[in-house]
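Q:
There are 2 protein chains.
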Amino acid sequence: MKKLNIAIIGLGNIGCYLYKYLNKNKFILAKKNNCIPNVLYVSARNRKKKRIIQFNKKKWLSNYLDATKKKEIDLIVELIGGSEGAAKKLVFAALKNKKHVVTANKALIAKYGDQLSKIAEKNRVNLEFEASVCGGVPIIRSLKEGLIANKINKVFGIFNGTSNYILSSMDKENKSFKEVLQNAQKLGYAESNPTSDLNGEDVAAKLKILSSLCFNSFLNDNIHVEGIKDIDKDDINYANRLGYKIKLLGYAELIGKNIFQRVHPTLIRNSSNVASIDGVLNAVIIDGNPVGQNIIQGEGAGPAATTSALISDISSILRGNIKFPFSISNKERKKLNFKQISERSFSAYFRFNVIDKPGVLSNITQVFSRNRVSIKRLVQDPNKNKRSSSIIIITHPTKDKSLNKIIQTINRKSYVKKRSKLIRINDE
Amino acid sequence: MKKLNIAIIGLGNIGCYLYKYLNKNKFILAKKNNCIPNVLYVSARNRKKKRIIQFNKKKWLSNYLDATKKKEIDLIVELIGGSEGAAKKLVFAALKNKKHVVTANKALIAKYGDQLSKIAEKNRVNLEFEASVCGGVPIIRSLKEGLIANKINKVFGIFNGTSNYILSSMDKENKSFKEVLQNAQKLGYAESNPTSDLNGEDVAAKLKILSSLCFNSFLNDNIHVEGIKDIDKDDINYANRLGYKIKLLGYAELIGKNIFQRVHPTLIRNSSNVASIDGVLNAVIIDGNPVGQNIIQGEGAGPAATTSALISDISSILRGNIKFPFSISNKERKKLNFKQISERSFSAYFRFNVIDKPGVLSNITQVFSRNRVSIKRLVQDPNKNKRSSSIIIITHPTKDKSLNKIIQTINRKSYVKKRSKLIRINDE
């Protein structure tokens, strides 16, 4: 039987899990793919670090870049992480030297995916990155193979387990953002520095990759990104009262000939399928023609789910299934118009925290009417101390720039006690 | 660029949709797969039938079996349907003559899949059947590729859109089975003869195929099958009161070294994800290691969703991605133990319709206790005419054979007015 020689570079939790998995499942994978996956080398920053795996000294490469030079190596699995530095050097060198590459590195692919895919295509090797987007959800292979027939209009979903865990725990346990975050860190659902999970950057990187695969376009940085750090318990409670959940969603949609890419907290109807996806789960929803709507959901992160994704990529290469990294040749990929969110229309949820005095409500509604934004629902609640009120307004669909203008105008008023809130609504 | 010559046999709704799709999307598919899909021949029972497509006379084969003999044909798409007769003849002859086969025929694959896959493997051609299971849900490709890393313990879900539409409409619109079925037929969601959709046979065929793919086993007929025809509005209302929905689910599970295959109406918690999947949608849930739980959902039927599946199979063949039809070589497929459902334990819902007289309730509970089945909840409701009562009992988990013994025993009692009901519960 044929054999494919593999180097695994990066031996953190994921690298070690993958190494163990490949050791244990070498023969069943060989049987399924008609080719033996043979881990010839491993490398990482520190050889002597304590790890859950043991390997023969001969397998260790003291210079990780040697993996790209050794003739006998066919495939390099990059698990270093980060869009620059060692990971970037390794993947560029590997593809240039005609090695297949499998990576879990969303930051690298979101930033250099176009350049890398050109080298891979020229050298007729695979560059696969299923593990970079929503670990255990086989979405990239589904887009490139299972749903290959479809013209896709829209891809959206829950792409960050940490944010989803925090929002759904705040909702279910009625706890504050801070409490829930601390708990998530204890449980290993949030990193000690959770910035990129909470500010939307992690979702943005995944969305760029999906967007490019769905629309056959090049990667594009025109993307509106907001995270969940300003969502508080009151927002979640008001959302519930109005029949909504708050979720951090990423969206890429083709409207006419324009693509809108956006990541932001979204009010989504209680009864919708996405509203019921709680905890660290991820879900990707595809609207395509002819297939209609497809939803794929599963665990988004962790060594086990990520290994499932890495093995699907490795298996594809074992079978000799050479494909374009972004589903289609680079010369066929399109330069599409990526538009600013300001031109897109939304219904929105506003929350104003104001001094309780005559004339405030009428002033606020005047600002809405001057901006030609029509109000669908309004709730006014006195706050506990009785000196201030919360005013919640749900609007009819309006251009995003008008919604933002309202927030800016009202935030300048002297009757405003706390920064006003604007959360977009998905009413589909 | 390379070219793959295709014959489409069977020109019903699906065949015509596929023909149109391939005409329109030939070049984009060629670009994605590096090979042109070229429809050289078509055939069907009646050439002169009115169809939505037009084709050159030269494309018509007056004897459909000629497609298997023509040297220039590489791939035959079988869309005749049925496990015997023309479809069977065509697929056997095609594989024997070293033609690739793509089919949407679940009955044929569930019955002859093992024999057919042996011929395909021997002749090194593809036999692909994504479209045979839950049309728009790319589950087979996910099992064979995206989730290839996983040892699967369980596959279950909603595999029949007609039944799911009927159950969810009875629930939402509070209408009778008969009313809802008539409406479904009007809307094209149920066939004029809906027997195989309603009696569970359609689900059973799909489940056998999935089971075989998940557990690397041969196809096996040991499967418990019940449909939805005995579910009435009262059951749905009682289920709601108790916090459940009723869904027709198919299950295949590996417990120890035994596989249980079963299709039956199931009470499933209101809050579970599956409970929220309504209408004609299908959903497949996979429990695997290392991936955890994966849910894939989409449209289960119709020419559009089915074409999406057919094209994914055709594309795989265009890319020259030769694979074993059931994911692994026939000599590696296992003979596993397929056990009777009687040995499996369930919680269950019982509904008894009895004459309202003293001693009945105590006699019923005695039967439960004699069979060592412990009762978790009991509801007794007088019926409108006051002469009879409904008694609803929810049990703790018990072997299926004990549950059935209770039904048999109580059905023989003179106080029973209508046949008693037993619906299994999924409490996971």
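In order, the protein sequences belong to chains A and B.
Here the first sequence is numbered in our numbering, starting from 6 and rising by one per residue.
Here the second sequence is numbered in our numbering, starting from 6 and rising by one per residue.
Built from N, CA and C at the ideal position, the CB exists for glycine as well.
Counting along the chain, where does the alpha helix (DSSP H) carrying B/Arg267 start and finish?
A: Working through the second sequence from its first residue, we reach residue 267 of chain B at position 262. Per DSSP, B/Arg267 belongs to no alpha helix (DSSP H); it is in the beta strand (DSSP E), 263-274.
Q: Can you round the beta-carbon distance between B/Ile415 and B/Ser407 to whole angstroms, since I take them to be within the 8 Å contact cut?
A: Translated into the one-based positions of the second sequence, residue 415 of chain B becomes position 410. Translated into the one-based positions of the second sequence, residue 407 of chain B becomes position 402. B/Ile415 to B/Ser407, Cβ: 13 Å. No contact.
Q: Suppose contacts are defined by Cβ-Cβ distances below 8 Å. Is A/Gly205 in contact with A/Val268 by that definition?
A: Residue 205 of chain A sits at position 200 when you count from the first residue of the first sequence. Residue 268 of chain A sits at position 263 when you count from the first residue of the first sequence. Cβ atoms of A/Gly205 and A/Val268: closer than 8 Å.
Q: To the nearest angstrom, how far is the alpha carbon of A/Arg377 from that of A/Ser419?
A: Start at 1 with the first residue of the first sequence, and residue 377 of chain A comes out as number 372. Start at 1 with the first residue of the first sequence, and residue 419 of chain A comes out as number 414. Cα to Cα, the separation comes out at about 23 Å.
Q: Where B/Glu258 and A/Glu89 are concerned, what is the direct C-alpha to C-alpha distance, given to the nearest angstrom?
A: On the second sequence, residue 258 of chain B is found 253 positions in, with the first residue counted as 1. On the first sequence, residue 89 of chain A is found 84 positions in, with the first residue counted as 1. So the two alpha carbons sit approximately 45 Å from each other.
Q: I'd like to check one pair, A/Leu212 with A/Gln266: are the Cβ atoms closer than 8 Å?
A: Against the first sequence, residue 266 of chain A aligns to sequence position 261. Against the first sequence, residue 212 of chain A aligns to sequence position 207. Cβ distance < 8 Å, so A/Gln266 and A/Leu212 count as in contact.
Q: Quickly, what does DSSP pair A/Glu133 with across the bridge? List them, please.
A: As a first step, residue 133 of chain A is located in the first sequence; it is residue number 128 there, counting from the start. Its beta-bridge partners are A/Val107.
Q: Could you spell out the range, first to last residue, of the alpha helix (DSSP H) harbouring A/Cys139?
A: Start at 1 with the first residue of the first sequence, and residue 139 of chain A comes out as number 134. Counting along the chain, A/Cys139 falls outside any alpha helix (DSSP H), and DSSP gives it neither H nor E.
Q: Which class does B/Arg146 belong to by DSSP, given the choice of helix, strand or coil?
A: Here residue 146 of chain B is taken as the residue at index 141 of the second sequence, counted from 1. Helix.
Q: Name the chain B residues that come within less than 8 Å of A/Asp155, Cβ to Cβ?
A: If you number the first sequence from 1, residue 155 of chain A lands on position 150. The sequence shown places Asn at residue 155 of chain A, rather than the Asp named in the question. What A/Asn155 touches in chain B: Ser313.
Q: Could you give the C-beta distance for B/Asn263 and B/Lys339, rounded to a whole number, given that I count them as a contact under 8 Å?
A: If you number the second sequence from 1, residue 263 of chain B lands on position 258. If you number the second sequence from 1, residue 339 of chain B lands on position 334. Not really, about 13 Å apart at Cβ, beyond 8 Å.
Q: Verify whether the separation of the beta carbon atoms of B/Gly151 and A/Ser216 is less than 8 Å.
A: Residue 151 of chain B sits at position 146 when you count from the first residue of the second sequence. Residue 216 of chain A sits at position 211 when you count from the first residue of the first sequence. Not a contact, by the Cβ cut-off of 8 Å.
Q: Is the distance from the Cβ of B/Pro270 to the Cβ of B/Ile236 below 8 Å?
A: Walking along the second sequence from the start, residue 270 of chain B turns up at place 265. Walking along the second sequence from the start, residue 236 of chain B turns up at place 231. Yes. Within cutoff.
Q: Chain B partners of A/Ile41, CB-CB under 7 Å?
A: As a working mapping, residue 41 of chain A is identified with position 36 in the first sequence. The premise fails here: A/Ile41 is roughly 15 Å from chain B at the closest Cβ pair, so nothing lies under 7 Å.
Q: Below 8 Å on the Cβ atoms is my guess for A/Ile233 versus A/Leu253; work out the distance and round it to an integer in Å.
A: In the first sequence, residue 233 of chain A corresponds to position 228, counting from 1. In the first sequence, residue 253 of chain A corresponds to position 248, counting from 1. Going by Cβ atoms, the distance from A/Ile233 to A/Leu253 rounds to 5 Å, so yes, they are a contact pair.
Q: Which of the residues in the segment 288-312 of chain A, read from start to end, lie with their CB under 7 Å from any CB of chain B?
A: Listed by position along the chain: Pro295, Val296, Gly297, Gln298, Asn299, Ile300, Ile301, Gln302, Gly303, Glu304, Ala309, Ala310, Thr312.
Q: How close, in whole Å, do the beta carbons of A/Leu34 and A/Asn169 come, if the pair is a contact with beta carbons under 8 Å?
A: The residue labelled residue 34 of chain A in the question sits at position 29 within the first sequence. The residue labelled residue 169 of chain A in the question sits at position 164 within the first sequence. The pair is not a contact, with the Cβ atoms about 32 Å apart (cut-off 8 Å).
Q: DSSP three-state call for B/Phe329: helix, strand or coil?
A: For the purposes of this step, residue 329 of chain B is identified with residue 324 of the second sequence, where counting begins at 1. It is coil, neither helix nor strand.
Q: Please classify B/Tyr256: does DSSP put it in a helix, a strand, or coil?
A: Reading the second sequence from its first residue, position 251 is the one you call residue 256 of chain B. Looking at B/Tyr256 - three-state DSSP - the assignment turns out to be strand.
Q: Which whole runs of the alpha helix (DSSP H) in the segment 39-97 of chain B are 4 residues long or more, in chain order?
A: Taking only runs of at least 4 residues, no alpha helix (DSSP H) segment lies wholly in the segment 39-97 of chain B.
Q: How should B/Ile57 be labelled, buried or exposed, when 16 other C-beta atoms within 10 angstroms of its C-beta is the threshold for buried?
A: By one-based count along the second sequence, residue 57 of chain B stands at place 52. Exposed is the call here.
Q: Give every residue of the same chain whose Cβ lies closer than 6 Å to the Cβ of A/Ala5, excluding the five residues on either side of it in the sequence, and list them in chain order.
A: What the structure shows of chain A is the stretch from 6 to 433, and residue 5 of chain A is not part of that stretch, so it cannot be assessed.
Q: Please confirm if the segment 364-379 of chain A is in contact with the segment 328-343 of chain A, defined as three or more CB-CB distances below 8 Å between the two stretches.
A: Contact fails: fewer than three Cβ-Cβ distances are below 8 Å.
Q: Under three-state DSSP, which class holds A/Asn242?
A: The residue you call residue 242 of chain A lines up with position 237 of the first sequence. Correct three-state label for A/Asn242: helix.
Q: Rounding to the nearest angstrom, what Cα-Cα distance links B/Ile380 and B/Ser395 in this structure?
A: Reading the second sequence from its first residue, position 375 is the one you call residue 380 of chain B. Reading the second sequence from its first residue, position 390 is the one you call residue 395 of chain B. In a straight line, the C-alpha of B/Ile380 is about 16 Å away from that of B/Ser395.
Q: Per DSSP, A/Arg356 forms a beta bridge with which residues?
A: Taking the first residue of the first sequence as position 1, residue 356 of chain A is located at position 351. According to DSSP, A/Arg356 bridges with A/Ile397, A/Lys426.
Q: Using the rule of at least 16 other Cβ atoms within 10 Å of the residue's Cβ for burial, across every protein chain shown, is B/Leu192 buried or exposed?
A: Numbered from 1 along the second sequence, position 187 holds the residue referred to as residue 192 of chain B. Counting Cβ neighbours within 10 Å, B/Leu192 comes out exposed, since fewer than 16 surround it.
Q: Taking its Cβ as the centre, do 16 or more other Cβ atoms sit within 10 Å of B/Gly284, making it buried, or is it exposed?
A: In the second sequence, counting from the first residue as 1, residue 284 of chain B sits at position 279. Exposed.
Q: So, B/Lys314 versus B/Pro42, is the Cβ gap smaller than 8 Å?
A: In the second sequence, counting from the first residue as 1, residue 314 of chain B sits at position 309. In the second sequence, counting from the first residue as 1, residue 42 of chain B sits at position 37. Rather than Lys, the amino acid found at residue 314 of chain B in this sequence is Ala. Contact: no.
Q: By alpha-carbon positions, which one of B/Asn326, B/Ile360, B/Val384 ends up nearest to B/Asn242?
A: Position 237 of the second sequence holds residue 242 of chain B. Comparing Cα-Cα distances from B/Asn242 to each of B/Asn326, B/Ile360, B/Val384, the minimum goes to B/Val384.
Q: If you drop the 5 nearest sequence neighbours on each side, which residues of the same chain put their C-beta closer than 6 Å to that of A/Asp119?
A: Translated into positions along the first sequence, residue 119 of chain A becomes position 114. Result list for A/Asp119: Phe223, Leu224, in chain order.
Q: Going by beta-carbon coordinates alone, are B/Val289 and B/Val359 separated by less than 8 Å?
A: Stepping through the second sequence from its first residue, residue 289 of chain B is reached at position 284. Stepping through the second sequence from its first residue, residue 359 of chain B is reached at position 354. Cβ distance not < 8 Å, so B/Val289 and B/Val359 don't count as in contact.
Q: Cutting at 7 Å between CB atoms, please list the residues of its own chain near A/Ile85, excluding the five before and the five after it.
A: Sequence index remark: in the first sequence, residue 85 of chain A carries index 80 (1-based). Once the five neighbours on either side are set aside, the close Cβ partners of A/Ile85 are Ile14, Gly15, Ala91, Ala92, Leu95.
Q: Compute the Euclidean distance between the alpha carbons of A/Ile301 and A/Arg146, then round it to the nearest angstrom.
A: Reading the first sequence from its first residue, position 296 is the one you call residue 301 of chain A. Reading the first sequence from its first residue, position 141 is the one you call residue 146 of chain A. Computed Cα separation, rounded: 12 Å.
Q: What would DSSP say about B/Gly166, mapped onto helix, strand or coil?
A: Indexing the second sequence from 1 puts residue 166 of chain B at position 161. Helix.
Q: Going by DSSP, name the residue or residues bridged to A/Asp292.
A: Here residue 292 of chain A refers to the residue found at position 287 of the first sequence. Answer by DSSP bridge pairing, in chain order: A/Lys159, A/Gln298.
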